[in-house]
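**Student:** Chains H and S, in that order, give the protein sequences.
So that you can map any letter, position 153 of the first sequence is 153 in full-length UniProt numbering, and since no number is skipped, the others follow by simple counting.
So that you can map any letter, position 179 of the second sequence is 179 in full-length UniProt numbering, and since no number is skipped, the others follow by simple counting.
Sending over a structure as structure tokens; questions will come in a sec.
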Amino acid sequence: MTELDHIRNFSIVAHIDHGKSTLADRLIQLTGTVAERDMKAQLLDSMDIERERGITIKANTVRIEYPAKDGQTYVLNLIDTPGHVDFAYEVSRSMQAVEGSLLVVDASQGVEAQTLANVYQAIDAGHEIVPVLNKIDLPAADPEAVKANIEDVIGIDASDAIPISAKSGLGIPEVLEAIVKRLPAPKGDRNAPLKAMLVDSWYDPYLGVVVMIRVMDGVIKKGDRIKMIQTGALYGVDKLSVLKPQMVDIAELGPGEIGVLTASIKQVRDTRVGDTITHEKKPCDKALPGFKPAQPVVFCGLFPVDANDFEDLRDAIEKLQLNDASFSSEMETSAALGFGFRCGFLGLLHLEVIRDRLEREYDLDLITTAPSVVFKLHMKDGEVRDLHNPADMPDLTYVDHIEEPRIKATIMVPDDYLGDVLKLCQDRRGIQMDLTYAGSRAMVVYDLPLAEVVFDFYDRLKSVTKGYASFDYQITGYREDHLVKMSILVNDEPVDALSIMVHRDRAESRGRAMVEKLKDLIPRHMFKIPIQAAIGGRVIARETLSAMRKDVTAKCYGGDATRKKKLLEKQKAGKKKMRQFGKVEIPQSAFIAALKMDD
Amino acid sequence: MDDWRHGGFGLYLHWPFCAAKCPYCDFNSHVAAEIDQSRWNRAYLSEIERLGAETKGRVLNSIFFGGGTPSLMAPELVQAILDKVRATWTLANDVEITLEANPTSIESGRFRAYSEAGVNRISMGMQALNDADLKRLGRMHSAAEGRAAFDIARKHFDRVSFDLIYARQDQSLNAWKAELHEALAMAVDHFSLYQLTIEDGTAFGLRHAAGKLHGLPDDALASDMYLITQDICSSHGLPAYEISNHARPGAESRHNLVYWRYGDYLGIGPGAHGRLTLDGTRHATDTPRAPEAWLRAVEAAGNGELPREALPLSEQATEYLLFSLRLSEGMDLARYEALSGQPVDRAKLRHLEEIGMITLEQGRICPTDAGRAVLNALIVELMP
Numbered sequence: 001m002t003e004l005d006h007i008r009n010f011s012i013v014a015h016i017d018h019g020k021s022t023l024a025d026r027l028i029q030l031t032g033t034v035a036e037r038d039m040k041a042q043l044l045d046s047m048d049i050e051r052e053r054g055i056t057i058k059a060n061t062v063r064i065e066y067p068a069k070d071g072q073t074y075v076l077n078l079i080d081t082p083g084h085v086d087f088a089y090e091v092s093r094s095m096q097a098v099e100g101s102l103l104v105v106d107a108s109q110g111v112e113a114q115t116l117a118n119v120y121q122a123i124d125a126g127h128e129i130v131p132v133l134n135k136i137d138l139p140a141a142d143p144e145a146v147k148a149n150i151e152d153v154i155g156i157d158a159s160d161a162i163p164i165s166a167k168s169g170l171g172i173p174e175v176l177e178a179i180v181k182r183l184p185a186p187k188g189d190r191n192a193p194l195k196a197m198l199v200d201s202w203y204d205p206y207l208g209v210v211v212m213i214r215v216m217d218g219v220i221k222k223g224d225r226i227k228m229i230q231t232g233a234l235y236g237v238d239k240l241s242v243l244k245p246q247m248v249d250i251a252e253l254g255p256g257e258i259g260v261l262t263a264s265i266k267q268v269r270d271t272r273v274g275d276t277i278t279h280e281k282k283p284c285d286k287a288l289p290g291f292k293p294a295q296p297v298v299f300c301g302l303f304p305v306d307a308n309d310f311e312d313l314r315d316a317i318e319k320l321q322l323n324d325a326s327f328s329s330e331m332e333t334s335a336a337l338g339f340g341f342r343c344g345f346l347g348l349l350h351l352e353v354i355r356d357r358l359e360r361e362y363d364l365d366l367i368t369t370a371p372s373v374v375f376k377l378h379m380k381d382g383e384v385r386d387l388h389n390p391a392d393m394p395d396l397t398y399v400d401h402i403e404e405p406r407i408k409a410t411i412m413v414p415d416d417y418l419g420d421v422l423k424l425c426q427d428r429r430g431i432q433m434d435l436t437y438a439g440s441r442a443m444v445v446y447d448l449p450l451a452e453v454v455f456d457f458y459d460r461l462k463s464v465t466k467g468y469a470s471f472d473y474q475i476t477g478y479r480e481d482h483l484v485k486m487s488i489l490v491n492d493e494p495v496d497a498l499s500i501m502v503h504r505d506r507a508e509s510r511g512r513a514m515v516e517k518l519k520d521l522i523p524r525h526m527f528k529i530p531i532q533a534a535i536g537g538r539v540i541a542r543e544t545l546s547a548m549r550k551d552v553t554a555k556c557y558g559g560d561a562t563r564k565k566k567l568l569e570k571q572k573a574g575k576k577k578m579r580q581f582g583k584v585e586i587p588q589s590a591f592i593a594a595l596k597m598d599d
Numbered sequence: 001m002d003d004w005r006h007g008g009f010g011l012y013l014h015w016p017f018c019a020a021k022c023p024y025c026d027f028n029s030h031v032a033a034e035i036d037q038s039r040w041n042r043a044y045l046s047e048i049e050r051l052g053a054e055t056k057g058r059v060l061n062s063i064f065f066g067g068g069t070p071s072l073m074a075p076e077l078v079q080a081i082l083d084k085v086r087a088t089w090t091l092a093n094d095v096e097i098t099l100e101a102n103p104t105s106i107e108s109g110r111f112r113a114y115s116e117a118g119v120n121r122i123s124m125g126m127q128a129l130n131d132a133d134l135k136r137l138g139r140m141h142s143a144a145e146g147r148a149a150f151d152i153a154r155k156h157f158d159r160v161s162f163d164l165i166y167a168r169q170d171q172s173l174n175a176w177k178a179e180l181h182e183a184l185a186m187a188v189d190h191f192s193l194y195q196l197t198i199e200d201g202t203a204f205g206l207r208h209a210a211g212k213l214h215g216l217p218d219d220a221l222a223s224d225m226y227l228i229t230q231d232i233c234s235s236h237g238l239p240a241y242e243i244s245n246h247a248r249p250g251a252e253s254r255h256n257l258v259y260w261r262y263g264d265y266l267g268i269g270p271g272a273h274g275r276l277t278l279d280g281t282r283h284a285t286d287t288p289r290a291p292e293a294w295l296r297a298v299e300a301a302g303n304g305e306l307p308r309e310a311l312p313l314s315e316q317a318t319e320y321l322l323f324s325l326r327l328s329e330g331m332d333l334a335r336y337e338a339l340s341g342q343p344v345d346r347a348k349l350r351h352l353e354e355i356g357m358i359t360l361e362q363g364r365i366c367p368t369d370a371g372r373a374v375l376n377a378l379i380v381e382l383m384p
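Right, here's the structure in full:
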């Protein structure tokens, strides 16, 4: 066990590509925590998807032993936090587990929107913040301007920011010294009852569920009987380790220390990030503040392309859920798409990550229906219902009013693209809250409906700003608006998987855009097909897909039978891959493509 | 009763050579500097002997010389083949013996000799009735030559048919109507009217892929041309009895009806396909496409066929479907269901009837004019 004044716990706050993982790697390397031959780039991001997307999804930690210039050896615990707003709650818990943060900013780029949200979380958690200017060796680096930018935008003193190059190793010793000198040591009472925070948990195929904890007070030892205060569950500690970053067993963890335990926990969903762990026999008197159960905010349907893969999809979802308690699923039946699951996610990135993992790790072809947010239906009888799927919208005569989730979106963008960004936000029913400049970059803050953002807002933002904008958001609450369910009728039959919730004022233009898209997406049939958008019984947009006029082989004689038969069998197989709806076949791709707005 | 008996029994002989290859043609045809006709003679006779032994006692309804350009065959070769055929099978009283011919003056000079050898029907590759279009189609005859060859053919054969290609480059609807009326005025009792199809692997196909084949009609015009063709021919007493074939009642090509009614047919020659039912099992037969490869196989092994393939009933059903729906007489539903082993969805049939694609009468599914225009989609719809 290490004395409190020889411990420093910290996280790194940075935008994607600003060098967070590279800096972490250097710190690990310089202190000899990992042998040179075991180094691989971005040590802490363990999932393929994390490495590919350059993001951290699961919190991760590493314990570094650092002999400082004062002759003492310190234990530095780095928690690598998820860098994305979808995981804001997880980030906030990680932040509570440490006392300080390194704020890493690319010296050629300045502060980005994503950094902002995380650094505010760090400030909220009472962190001491050490600004670090990375990529100082780039020709475009402008440390003075970026320091001013940090002071401007974040409002913290950046005068003694440390210039580094994580890539070349320049300035890394200074960072290590600053961690010891500038960050506070943790506080805690070794003699108090055990109080530890559950920071994160994950499923390991050999060990079962692994739980990362930060001890606040007391001491935890292998063999202890522990209790999770929120779930009330009791366990015996089978194994206690620290991560270097591989597991190294340790006899006990005291105040200020961070480590992992296993306790024969079967599923990740039995553990709650932010929960308080204490001893069964001599519990602490109250739980740590700030606990929130995971709350999915974005929902979509996941259906197998091939209906025969339904069981495989079910298995894959169950397996992924072992490791991710924040992702919910419920069986769903769609008239158009057959059997599938309605799944809830923490945000869009979370949705994409899960879908990618299902497709890649479990080799499934999936149809993803349009993401939807959770609307609150205030019924006339006073009941409030959550609506996860527009297809489940009840008869309007029972609904008093509808509320939708709103977000506070922060967008940072070079001023050349400001007009396009403002137009995009206005088009998505945004209300401007703030517009400030930091150098030639504008910071735009908008109050937007989440529903307008979940689908293709980020894609559109990237495209109108040629990738120069950064974007972040927080959910701020619910607000009533004039929302309606728009149904799409193909050949006079409603297609449930295509219905969406829209603002009444936007319904006509969305409806028009959707029926026009569908007219191109649905192949011609032998008969003409009306495609309509409707609200209730009223049609608001209509297109007609005309019947195919000619599809016939001019010559077909005895010698053509084999070739012709194969051709027709291929066509039939292609048709079978489409979804039969009434008498109309709709290609799978249409369900998502119909919703994309090329505005 | 074996299923093939519904359609009859025919013999197809493939002559793989042409004087020149046409830019639209994807048939198995070759241009050769020199052809040893006596070597071909031996090979054809050997194959007739071999297949005759397998089909003893059958009555032959039709013999068809196709190609390539069979009117480049020496009349003696045709004579020898037909003599051998007569010695091998019993011929139906109304046996049809067709030879495909190009209407050049050289070839029309041989018509009389073909007739004497036993050929009783000529099918001429007229393709167009004006010189400009004939040139664009790569044809070596002029319109006048074509008409002259047609007149000679009418003297020597009871039955003469010719082919026209329409929906050509830069052809207007009116121009095609005029040409079609001209063709009808020639007082034929059978012709094949093909919409120009751009096939992969042809000279037109390559040009088309390169974006250089201009003036082709769009689907709407092509469809109008097809429908107007049906109207005009019907009103002149030559309704379509098949997608692209028109005849006065009784003048239909019996040979092609064997295919479309899904009978058995023997295929002799390079690249010739056949369907042959033996001991209750229908087989698909095929031969090497290269002329020399076929000749060598026959000469060396006494058998020009590639290994035969037994056709599962489900595939026979699809073949019957795709052939029979080409005919205005349509498809016998009970016969189809017997092959496919499962009933056709009646609700689907009713829907197709409602939208005017088919008629359902006395157990037969007949495509309407509109249904024939989108026949591929119709067939795919009916496939299980």
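Heads up, the beta-carbon is just placed ideally off N, CA and C, and yes, glycines get one too.
From H:Asp224, H:Val199, H:Asp204 and H:Val219, pick the residue whose C-alpha is nearest to that of Met212 of chain H; which is it?
**Tutor:** Here residue 212 of chain H refers to the residue found at position 212 when the first sequence is read from its first residue. Of H:Asp224, H:Val199, H:Asp204 and H:Val219, the residue nearest in Cα terms is H:Val199.
**Student:** Which partner residues of Asp204 of chain H appear in the DSSP bridge assignment?
**Tutor:** By 1-based counting over the first sequence, the position of residue 204 of chain H is 204. In DSSP, Asp204 of chain H forms a bridge with H:Gly208.
**Student:** Could you check the C-alpha separation between Ser142 of chain S and Met126 of chain S for me, to the nearest Å?
**Tutor:** Your numbering for residue 142 of chain S matches position 142 in the second sequence. Your numbering for residue 126 of chain S matches position 126 in the second sequence. About 9 angstroms.
**Student:** Find the nearest neighbour of Pro394 of chain H within the set H:Thr436, H:Asp324, H:Val484 and H:Lys408, judged by alpha-carbon distance.
**Tutor:** Your numbering for residue 394 of chain H matches position 394 in the first sequence. Nearest option by C-alpha distance: H:Val484.
**Student:** Looking only at C-alpha atoms, which of S:Thr281, S:Gly280 and S:Ala297 sits nearest to Pro288 of chain S?
**Tutor:** Counting from one through the second sequence, the residue named residue 288 of chain S turns up at place 288. For Pro288 of chain S, the nearest C-alpha among the options comes from S:Ala297.
**Student:** Relative to chain H, which residues along the segment 198-224 of chain S have a C-beta separation below 9 angstroms, given in chain order?
**Tutor:** Answer set for the segment 198-224 of chain S: Asp219, Ala220, Ala222, Ser223 and Asp224.
**Student:** Pull the bridge partners of Ala240 of chain S from the DSSP assignment, please.
**Tutor:** By one-based count along the second sequence, residue 240 of chain S stands at place 240. DSSP lists S:His246 as partners of Ala240 of chain S.
**Student:** On the criterion of 16 or more Cβ atoms from any shown chain inside 10 Å, does Val384 of chain H qualify as buried, or is it exposed?
**Tutor:** For this step, residue 384 of chain H is matched to residue 384 along the first sequence. Per the 10 Å Cβ criterion, exposed.
**Student:** Using a cut-off of 8 angstroms between C-beta atoms, extract the partners of Gln571 of chain H located in chain S.
**Tutor:** Taking the first residue of the first sequence as 1, we reach residue 571 of chain H at position 571. Ordered by position in chain S, the residues that pass the 8 angstroms Cβ test against Gln571 of chain H are Asn376 and Val380.
**Student:** Let me see if you follow: with CB-CB separation under 8 angstroms, is Ala373 of chain S close to chain H or not?
**Tutor:** As a working note, residue 373 of chain S is residue 373 in the second sequence. Yes - at least one Cβ of chain H is within 8 angstroms of the one on Ala373 of chain S.
**Student:** Could you say which of H:Leu351, H:Asn308, H:Glu403 and H:Ile136 lies nearest to Leu337 of chain H if we only look at CA atoms?
**Tutor:** For this step, residue 337 of chain H is matched to residue 337 along the first sequence. Looking at the Cα atoms, H:Asn308 is the closest of the given residues.
**Student:** Where does the unbroken alpha helix (DSSP H) through Gln571 of chain H begin, and where does it stop?
**Tutor:** Sequence index remark: in the first sequence, residue 571 of chain H carries index 571 (1-based). Element bounds for Gln571 of chain H: Ala561 to Lys576.
**Student:** From the DSSP secondary-structure annotation, give me the bridge partner or partners of Asn9 of chain H.
**Tutor:** Position 9 of the first sequence, counting from 1, holds the residue named residue 9 of chain H. According to DSSP, which records beta bridges pairwise, Asn9 of chain H is partnered with H:Asn77.
**Student:** Contact criterion: CB-CB distance below 8 angstroms. Does Gly558 of chain H meet it with respect to chain S?
**Tutor:** As a position in the first sequence, residue 558 of chain H is number 558, starting the count at 1. Closer than 8 angstroms: yes.
**Student:** Could you check what DSSP says for Cys284 of chain H in three-state terms: helix, strand or coil?
**Tutor:** Reading the first sequence from its first residue, position 284 is the one you call residue 284 of chain H. Coil, per DSSP.
**Student:** If I follow the unbroken beta strand (DSSP E) through Gln432 of chain H, where does it start and stop?
**Tutor:** Numbered from 1 along the first sequence, position 432 holds the residue referred to as residue 432 of chain H. Segment Ile431 to Ala438, the beta strand (DSSP E) holding Gln432 of chain H.
**Student:** Between residue 385 of chain S and the rest of its own chain, which residues show a CB-CB distance below 7 angstroms, the 5 nearest in sequence each way excluded?
**Tutor:** In the structure as shown, chain S begins at 1 and stops at 384. Residue 385 of chain S is therefore absent and cannot be evaluated.
**Student:** So the beta strand (DSSP E) Asn134 of chain H belongs to, where does it begin and stop?
**Tutor:** For the purposes of this step, residue 134 of chain H is identified with residue 134 of the first sequence, where counting begins at 1. Here the beta strand (DSSP E) through Asn134 of chain H covers Glu128 to Asn134.
**Student:** So for Asp2 of chain S, helix, strand or coil by DSSP?
**Tutor:** For the purposes of this step, residue 2 of chain S is identified with residue 2 of the second sequence, where counting begins at 1. Asp2 of chain S: coil per DSSP, three-state reduction.
**Student:** What residues from the segment 297-321 of chain S come within 7 angstroms of chain H, judged by C-beta to C-beta, listed N to C?
**Tutor:** Flagged, chain order: Glu315, Thr318 and Glu319.
**Student:** Check the Cβ of Lys583 of chain H against every Cβ in chain C and list those closer than 8 angstroms, keeping chain order.
**Tutor:** Although the question refers to chain C, the structure presented lacks it and instead comprises the protein chains H and S.
**Student:** Given this structure, state the Cα-to-Cα distance separating Phe457 of chain H from Val584 of chain H, to the nearest angstrom.
**Tutor:** For the purposes of this step, residue 457 of chain H is taken as the residue at position 457 of the first sequence. For the purposes of this step, residue 584 of chain H is taken as the residue at position 584 of the first sequence. Looking at the two C-alpha atoms, the distance is approximately 31 angstroms.
**Student:** Threshold first: 3 residues or longer. Then list the beta strand (DSSP E) segments lying entirely within the segment 92-142 of chain S, N to C.
**Tutor:** Entirely contained in the segment 92-142 of chain S, the beta strand (DSSP E) runs reaching 3 residues are, in chain order, 121-127.
**Student:** Measure the CB-CB distance between His244 of chain S and Tyr320 of chain S and report whether it falls below 8 angstroms.
**Tutor:** Counting from 1 along the second sequence, the entry for residue 244 of chain S is found at position 244. Counting from 1 along the second sequence, the entry for residue 320 of chain S is found at position 320. The amino acid at residue 244 of chain S is misidentified as His; the sequence shows Ser. For Ser244 of chain S and Tyr320 of chain S, no; Cβs fall outside 8 angstroms.
**Student:** What does Met548 of chain H touch in chain S if you count any residue whose Cβ is under 7 angstroms from its own?
**Tutor:** Against the first sequence, residue 548 of chain H aligns to sequence position 548. Ordered by position in chain S, the residues that pass the 7 angstroms Cβ test against Met548 of chain H are Val374 and Ala377.
**Student:** Run through DSSP, which three-state label would Asp83 of chain S get?
**Tutor:** Your numbering for residue 83 of chain S matches position 83 in the second sequence. Reduced to three states, the DSSP call for Asp83 of chain S is helix.
**Student:** How close, in whole Å, do the beta carbons of Gly347 of chain H and Val273 of chain H come, if the pair is a contact with beta carbons under 8 angstroms?
**Tutor:** For the purposes of this step, residue 347 of chain H is identified with residue 347 of the first sequence, where counting begins at 1. For the purposes of this step, residue 273 of chain H is identified with residue 273 of the first sequence, where counting begins at 1. Gly347 of chain H to Val273 of chain H, Cβ: 15 angstroms. No contact.
**Student:** Return the CA-CA distance between Tyr89 of chain H and Asn60 of chain H, expressed in angstroms with no decimal places.
**Tutor:** Taking the first residue of the first sequence as position 1, residue 89 of chain H is located at position 89. Taking the first residue of the first sequence as position 1, residue 60 of chain H is located at position 60. If you take the alpha carbons of Tyr89 of chain H and Asn60 of chain H, they lie about 15 angstroms apart.
**Student:** Any idea what DSSP makes of Ile16 of chain H, helix, strand or coil?
**Tutor:** For the purposes of this step, residue 16 of chain H is taken as residue 16 along the first sequence, with counting starting at 1. Coil.
**Student:** Give the C-beta separation of Lys291 of chain H and Leu183 of chain H to the nearest angstrom, bearing in mind that I take them to be a contact with Cβ-Cβ under 8 angstroms.
**Tutor:** Residue numbering aside, residue 291 of chain H sits at position 291 when the first sequence is read from its first letter. Residue numbering aside, residue 183 of chain H sits at position 183 when the first sequence is read from its first letter. Rather than Lys, the amino acid found at residue 291 of chain H in this sequence is Phe. No, Phe291 of chain H and Leu183 of chain H are not in contact; Cβ-Cβ is about 25 angstroms, not under 8 angstroms.
**Student:** So which residues on chain H does Leu267 of chain S lean against when the C-beta distance must stay under 8 angstroms?
**Tutor:** Reading the second sequence from its first residue, position 267 is the one you call residue 267 of chain S. Contrary to the premise, residue 267 of chain S reads as Gly rather than Leu in this sequence. Under the 8 angstroms cutoff, chain H gives Gly558 and Gly559.
**Student:** In this structure, does DSSP put Pro288 of chain S in helix, strand or coil?
**Tutor:** Reading the second sequence from its first residue, position 288 is the one you call residue 288 of chain S. Coil.
**Student:** Cβ of Ile358 of chain S less than 8 angstroms from any chain H Cβ?
**Tutor:** As a working mapping, residue 358 of chain S is identified with position 358 in the second sequence. For Ile358 of chain S, the answer is no, since every Cβ of chain H falls outside 8 angstroms of its Cβ.
**Student:** Under a CB-based cut-off of 8 angstroms, is Asp551 of chain H close to chain S?
**Tutor:** Here the question's residue 551 of chain H lines up with position 551 in the first sequence. Answer yes: the Cβ-Cβ gap between Asp551 of chain H and chain S drops below 8 angstroms somewhere.
**Student:** Taking DSSP as the reference, what is the three-state secondary structure of Met73 of chain S?
**Tutor:** The residue you call residue 73 of chain S lines up with position 73 of the second sequence. In this structure, Met73 of chain S counts as coil in the three-state DSSP scheme.
**Student:** With DSSP run on the structure shown, which of helix, strand or coil describes Asp264 of chain S?
**Tutor:** In the second sequence, counting from the first residue as 1, residue 264 of chain S sits at position 264. In this structure, Asp264 of chain S counts as strand in the three-state DSSP scheme.
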